[in-house]
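Colleague: I'd like to ask you about the structure that follows.
This is the structure:
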């Protein structure tokens, strides 16, 4: 199921616009929503999940990069495009989620990432190796059951709902039977009657926001439509650091120091 066809907004195209809009909890969510009638979202990367170790993809890092870009990027389309060195510096900063990034010469992430697909893919794969192999992040992919009770699933979704309501786009590990864990960015959790949820999310294998619905009941037969595994909320601290960077930038911009 695809996500919302309304509520979408383009990314900020000036420092001033970004400082005014990005502090709102709804800014990144509006960027992630589906543009009316579009086959893809210009606020997302131009390419999906691919490559990586054993050609099994880099979904964890693709999702993290996407979340950082939705929060931390603003564009300056009237300025000249960056040279390769400046573009690579911006890409590294987004992978590290360590600062607000200006991207001159472009008006959306899709166009910038189309020109720098190789550079972005390279850093995603490097981070996969450094995190997954050297820091043993692969062990995390084995944690958590792919099959839980309806009560446990409801509690997990309650936690994700609290995170999206309080902090913004939630990074979720999806534990799937028989394969390595996948990752999603949950953009919004809409409560439904009877304790259920309508969950909107970004999947690095798809170019648009999608939807799953949860109805309390025995898992997996009746609990979920459109979700193949069990979602576990992760990287909440990373999101808080990202939002702090946004707030610091907006404060400096308000004082004329950004």
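Residue numbers (my numbering): 605 to 862.
From the three backbone atoms N, C-alpha and C, an ideal C-beta is built for every residue, glycine too.
These figures come from a predicted structure and were not determined experimentally.
(1) For the beta strand (DSSP E) containing residue 787, list its first residue and its last residue.
(2) State the DSSP-derived secondary structure class of residue 685, mapped to helix, strand or coil.
(3) According to DSSP, residue 677 sits in a beta bridge with which residue or residues?
(4) With three or more C-beta pairs closer than 8 Å as the rule, is the region 645-656 touching the region 711-723?
(5) What is the C-beta distance between residue 837 and residue 758, in whole angstroms, given that I count them as a contact (C-beta under 8 Å)?
(6) On a Cα-Cα basis, can you pick out the residue from 703, 719, 820 that is closest to residue 709?
(7) Quick one: what does DSSP say residue 812 is sitting in, helix, strand or coil?
(8) Should the region 667-679 be called in touch with the region 699-709, which here means at least 3 C-beta pairs below 8 Å?
(9) For residue 740, name the three-state secondary structure that DSSP assigns.
(10) Do residue 798 and residue 819 have their CB atoms nearer than 9 Å?
(11) If you count every other CB in all the chains shown that lies within 10 Å of the CB of residue 807, and 16 or more means buried, which is it?
(12) I need the boundaries of the beta strand (DSSP E) containing residue 807, first residue and last residue.
(13) Can you check whether the CB of residue 835 is closer than 9 Å to the CB of residue 602?
(14) Using the Cα positions of residue 698 and residue 812, report the straight-line distance between them to the nearest angstrom.
(15) Does the distance from the C-beta atom of residue 723 to that of residue 692 stay below 9 Å?
(16) According to DSSP, which residues form a beta bridge with residue 774?
(17) Could you tell me which of 846, 766, 779 sits nearest to residue 752, measuring between CA atoms?
(18) What separation, rounded to the nearest whole angstrom, lies between the Cα atoms of residue 852 and residue 653?
(19) Report the three-state DSSP secondary structure of residue 612 (helix, strand or coil).
(20) Kindly indicate the opening and closing residues of the beta strand (DSSP E) around residue 622.
(21) Would you mind reading off the limits of the alpha helix (DSSP H) that contains residue 850?
(22) Distance, Cα to Cα, residue 846 vs residue 694?
(23) Between the alpha carbons of residue 802 and residue 614, how many angstroms are there, rounded?
(24) Looking at residue 777: is its Cβ nearer than 9 Å to the Cβ of residue 785?
(25) Using only CA atoms, which one of 731, 800, 733, 855 lies nearest to residue 765?
(26) Terminal residues of the continuous alpha helix (DSSP H) containing residue 632?
(27) Please return the same chain residues whose Cβ sits closer than 8 Å to the Cβ of residue 686, not counting the five positions on each side in sequence.
Modeller: To lay it out plainly:
(1) 786-795
(2) coil
(3) 705
(4) yes
(5) Contact flag wrong, Cβ pair sits at about 14 Å.
(6) 719
(7) coil
(8) yes
(9) Residue placement at residue 740 is flagged as unreliable, the pLDDT there being 48, under the threshold of 50; the coordinate-derived value follows with that caveat. Residue 740: coil per DSSP, three-state reduction.
(10) yes
(11) buried
(12) 801-807
(13) With the chain represented from 605 up to 862, any question about residue 602 goes unanswered, as that position is not in the structure.
(14) 21 Å
(15) yes
(16) 790
(17) 779
(18) 31 Å
(19) coil
(20) Careful: residue 622 lies outside any beta strand (DSSP E), inside the alpha helix (DSSP H) at 619-625.
(21) 840-858
(22) 15 Å
(23) 24 Å
(24) yes
(25) 800
(26) 630-636
(27) 694, 707, 708, 709
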